[in-house]
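To keep things clear, I will list the structure first and then write my remarks on it.
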Amino acid sequence: SGIASSGSSGDVMVGSGQATNGEAGTVSIMVGETTLASTTGGMLTLQGGNSAGATSVGGPVSITAGDGSNEGGLVKLQSGTSTGESTGTILIATGEGSVSSGDLTIRTANAATTGRTGALTFSSGTTLIGDSGSLSIGSGLATQG
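Numbering-wise, the sequence shown is residues 488 to 632 according to the working numbering.
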């Protein structure tokens with residue numbers, strides 16, 4: 488979209504069309520592949536807009552799976568695989584603020600009156616010969632608090 492010196496800049500929407508008697512199309516966003524040794528594949532960045540006003544809030548980033556009459560869609564966050572030593576790392580963290588950092592909440596949604604809520608599972612993977620990964624939960628250090 489364009490740049491606005493006053494008012495709002497335009498919206499950008501990318502999507503596939505609606506399907507009445509079949510499956511809706513897929514939208515894929517990918518970066519190029521490299522075959523050169525000791526290089527990194529291209530980076531894909533999704534970022535909400537910055538906001539510099541005195542009491543403003545940065546733009547949100549929302550990733551939501553589709554609704555379904557039987558079951559909602561899957562949201563999958565997975566690191567890359569590797570034929571070498573280890574796969575990629577996944578980091579979920581709040582940003583660092585000048586006074587406080589933001590909260591991080593992991594939860595399942597409330598259930599209907601007669602349903603059940605979803606389970607939370609935290610586990611490390613399995614291995615035949617090596618050590619299984621550890622599971623650590625802790626809070627940060629407060630030197631005066």
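Cβ atoms here follow ideal geometry from the backbone N, Cα and C, with glycine treated the same way.
Predicted, not measured: the structure shown is a model, and the values here were computed from it.
Between G512 and S525, the CB-CB gap reaches or exceeds 8 Å. Distances from the CA of S538 to each of S621, S495, G559 and L607 were compared; the closest alpha carbon is that of S495. The alpha-carbon separation between A491 and G497 amounts to approximately 8 Å.
The residues S566, in chain order, have a CB closer than 7 Å to that of T576 in the same chain once the five nearest residues on each side in sequence are set aside. The C-beta distance from T604 to A598 rounds to 5 Å, short enough to fall under 8 Å. Between G509 and V518, the C-beta gap is not smaller than 8 Å, which leaves the two residues out of contact. About 7 Å separates the beta carbon of Q534 from that of V548, a gap short enough to meet the 8 Å contact definition.
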